[in-house]
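Participant:
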Ligand code: UDP
Ligand code: GLC
């Protein structure tokens with residue numbers, strides 16, 4: 004039924020649950036019946052949207068699925084697939100007569116929305132969650148998508164000031180950009196008890212004296228290999244939890260991590276937990292939450308989550324990270340890709356429990372104040388309202 008009243012046709016290219024999708028889940032659930040979602044692939048994201056009562060259907064993307072993020076130029080087959088998909092989207096928008104705006108949540112979704120916008124006469128809004136330009140994206144890819152944005156994006160919502168700045172530095176029009184930080188639902192964090200966290204810890208790492216944990220999809224730039232190298236420099240009673248899965252086909256990188264652990268003789272201290280739905284409990288069960296991205300992070304939901312879990316967060320100082328925590332007060336910053344610095348930061352917090360507790364508490368207070376879901380939904384709704392008229 005919601006499809007008949009929705010003003011917003013929201014698009015995302017994937018069915019997996021990455022950070023962009025988890026964020027869109029809260030945004031679209033917050034917009035309620037005002038939104039209908041089309042995904043270009045099926046998967047757990049579709050199921051999660053349905054569980055939250057969001058109207059969602061899948062429009063398969065065909066050859067567009069073969070284009071990798073940041074790849075040089077899409078093939079003619081992929082471009083044709085994008086054009087066809089844009090035709091499907093334009094048709095859907097026209098059929099659902101109430102739709103007033105196309106809202107794209109990823110680069111691929113934006114390309115399709117931009118091509119569809121002209122065909123159905125609707126404005127397009129791009130929720131930009133990536134740092135455009137090298138090193139994440141090739142110059143050609145960036146130039147293509149920024150040209151499309153300057154032509155067709157009525158508004159670009161950036162998930163951080165860093166993301167907004169990278170868009171503008173890549174030639175994107177400054178006046179269309181609005182920054183809306185991610186908001187994280189506090190309910191799962193409020194629900195974790197010390198007893199349940201303790202039981203979980205004993206189940207995963209029985210007897211470990213100290214646990215550092217990294218959360219996120221397994222991918223070279225997320226830096227799980229750096230966390231493993233840091234662990235190798237820490238005492239034998241310190242364990243590492245690697246939480247997450249290779250969501251976008253990075254199986255070789257995941258296999259490489261396991262080989263690295265074997266090579267370093269760390270098999271009994273590193274625990275690969277795969278993709279988990281109990282991140283809040285796992286964070287609370289660890290001693291320290293580590294963010295190890297080797298490239299600038301556009302935002303980094305895991306930082307806010309670690310803060311909400313009342314754990315000290317150690318993060319790499321680049322991209323949107325500095326907008327989330329302040330070194331020495333609400334978290335600890337280390338240089339990206341520096342395993343020795345990471346190991347030193349973990350040791351320093353372990354050696355000074357009052358400091359670790361103070362940072363954790365200040366981080367939790369700040370995360371609650373600055374990164375609420377309601378504020379995020381309000382921010383996105385304001386942009387969509389402005390555009391939808
Ligand atoms: N996440 C999860 N289960 C896992 C690993 C990660 O639910 O096993 C979630 C994590 O809690 C966070 C998101 O995935 O909300 C990752 O978002 P982030 O912004 O940190 O990075 P992204 O993957 O979007 O670049
Ligand atoms: C993207 C970014 C990540 C951000 C997330 C939600 O996946 O890589 O940094 O937190 O989107 O906006």
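Residue numbers (the working numbering): 4 to 392. Heads up, the beta-carbon is just placed ideally off N, CA and C, and yes, glycines get one too.
Out of 221, 274, 235, 267, which one is the CA nearest neighbour of residue 255?
Facilitator: What you label residue 255 is simply residue 252 of the chain shown in a count that begins at 1. The shortest Cα separation from residue 255 among 221, 274, 235, 267 belongs to 221.
Participant: Keeping to the same chain, check which residues put their C-beta closer than 7 Å to that of residue 5; ignore five residues upstream and five downstream.
Facilitator: Locating residue 5 in the chain shown gives position 2, where the first residue counts as 1. Confidence is the limiting factor: at residue 5 the pLDDT is only 39, short of 50, which leaves the residue's position unreliable, though a coordinate-based value still follows. Cβ neighbours of residue 5 beyond the five flanking positions: 36, 39, 58.
Participant: When you get a sec, list the residues whose CB is within less than 6 Å of any heavy atom of the ligand GLC, chain order please.
Facilitator: The answer, residue by residue, is 21, 22, 23, 26, 132, 162, 185, 300, 301, 302, 303, 304.
Participant: According to DSSP, simplified to helix, strand and coil, what is residue 10?
Facilitator: As a position in the chain shown, residue 10 is number 7, starting the count at 1. Of the three classes helix, strand and coil, the one that applies to residue 10 here is coil, per DSSP.
Participant: Any chance the region 249–268 sits against the region 326–333, with 3 or more Cβ pairs inside 8 Å?
Facilitator: Not touching, per the Cβ criterion.
Participant: Taking only runs of the beta strand (DSSP E) that begin and end inside the region 137–161, which ones reach a length of at least 3 residues, in chain order?
Facilitator: Complete beta strand (DSSP E) runs here, min 3: 156–161.
Participant: Are the CB atoms of residue 323 and residue 300 nearer to each other than 8 Å?
Facilitator: Counting from one through the chain shown, the residue named residue 323 turns up at place 320. Counting from one through the chain shown, the residue named residue 300 turns up at place 297. Cβ distance < 8 Å, so residue 323 and residue 300 count as in contact.
Participant: Please classify residue 154 as buried or exposed, where buried requires at least 16 other C-beta atoms within 10 Å of its C-beta.
Facilitator: As a position in the chain shown, residue 154 is number 151, starting the count at 1. Classification of residue 154: exposed, given that the 10 Å Cβ count is below 16.
Participant: State the CB to CB distance for the pair residue 180 and residue 167, rounded to an integer number of angstroms; the pair is presumed to be in contact (CB under 8 Å).
Facilitator: Counted from its first residue, the chain shown places residue 180 at position 177. Counted from its first residue, the chain shown places residue 167 at position 164. Contact flag correct, Cβ pair sits at about 5 Å.
Participant: Is residue 14 near residue 112, with beta carbons less than 8 Å apart?
Facilitator: Position 11 of the chain shown, counting from 1, holds the residue named residue 14. Position 109 of the chain shown, counting from 1, holds the residue named residue 112. Against a cut-off of 8 Å, the Cβ pair of residue 112 and residue 14 comes out as a contact.
Participant: Given 8 Å as the limit, is there contact between the region 142–153 and the region 47–55, that is, 3 or more CB pairs closer than that?
Facilitator: Touching, no, given that fewer than three Cβ pairs across the two stretches are closer than 8 Å.
Participant: Given 7 Å as the limit, tell me if residue 219 has its C-beta closer than that to any heavy atom belonging to the ligand UDP.
Facilitator: Taking the first residue of the chain shown as position 1, residue 219 is located at position 216. Yes.
Participant: If you drop the 5 nearest sequence neighbours on each side, which residues of the same chain put their C-beta closer than 7 Å to that of residue 250?
Facilitator: Reading the chain shown from its first residue, position 247 is the one you call residue 250. 19, 21, 220, listed in sequence order.
Participant: Tell me which residue opens and which closes the alpha helix (DSSP H) that residue 201 is part of.
Facilitator: The residue you call residue 201 lines up with position 198 of the chain shown. 197–207 is the span of the alpha helix (DSSP H), which, as asked, contains residue 201.
Participant: Mind checking which residues open and close the alpha helix (DSSP H) that includes residue 369?
Facilitator: For the purposes of this step, residue 369 is identified with residue 366 of the chain shown, where counting begins at 1. 356–373 is the span of the alpha helix (DSSP H), which, as asked, contains residue 369.
Participant: Which ranges does the alpha helix (DSSP H) cover as unbroken runs of at least 4 residues, wholly within the region 30–84, from first to last along the chain?
Facilitator: You should have 47–54.
Participant: Would you please state the rounded distance, in angstroms, between the beta carbons of residue 285 and residue 370? I believe it to be under 8 Å.
Facilitator: Locating residue 285 in the chain shown gives position 282, where the first residue counts as 1. Locating residue 370 in the chain shown gives position 367, where the first residue counts as 1. Between residue 370 and residue 285 the Cβ distance is about 17 Å, and since that is not below 8 Å, they are no contact.
Participant: Cα-Cα, which of 387, 150, 280 is closest to residue 248?
Facilitator: Taking the first residue of the chain shown as 1, we reach residue 248 at position 245. Looking at the Cα atoms, 280 is the closest of the given residues.
Participant: Tell me which residue opens and which closes the beta strand (DSSP E) that residue 440 is part of.
Facilitator: With the chain covering only 4 through 392, there is no way to say anything about residue 440.
Participant: Are there 16 or more other CB atoms within 10 angstroms of the CB of residue 356, so buried, or fewer, so exposed?
Facilitator: Residue 356 sits at position 353 when you count from the first residue of the chain shown. Exposed, since its Cβ has fewer than 16 Cβ neighbours within 10 Å.
Participant: At the level of alpha carbons, what is the spacing between residue 90 and residue 55?
Facilitator: Here residue 90 refers to the residue found at position 87 of the chain shown. Here residue 55 refers to the residue found at position 52 of the chain shown. Each residue's Cα considered, the two are about 28 Å apart.
Participant: Where in the region 215–293 do unbroken runs of the beta strand (DSSP E), each at least 3 residues long, occur, reported from the N-terminal end onward?
Facilitator: 241–246, 273–277, 291–293, all fully within the region 215–293.
Participant: Provide the residue span of the beta strand (DSSP E) that contains residue 327, from first to last.
Facilitator: Within the chain shown, numbered from 1, the residue matching residue 327 stands at position 324. Looking at the DSSP string, residue 327 is not in any beta strand (DSSP E); the run it does join, the alpha helix (DSSP H), is 324–327.
Participant: Please identify the residue among 61, 291, 318, 30 whose C-alpha is closest to the C-alpha of residue 43.
Facilitator: Here the question's residue 43 lines up with position 40 in the chain shown. Cα-wise, what sits closest to residue 43 is 61.
Participant: Hey, would you say the C-beta of residue 282 is under 7 Å away from at least one heavy atom of the ligand UDP?
Facilitator: The sequence position of residue 282 within the chain shown is 279, counting from 1. Checking the Cβ of residue 282 against the ligand UDP gives yes.
Participant: Indicate the three-state DSSP secondary structure (helix, strand or coil) for residue 97 in the structure shown.
Facilitator: As a working mapping, residue 97 is identified with position 94 in the chain shown. Helix, per DSSP.
Participant: I'd like the span of the alpha helix (DSSP H) that includes residue 169, first residue to last.
Facilitator: The residue labelled residue 169 in the question sits at position 166 within the chain shown. Run containing residue 169: 164–172, per the alpha helix (DSSP H) assignment.
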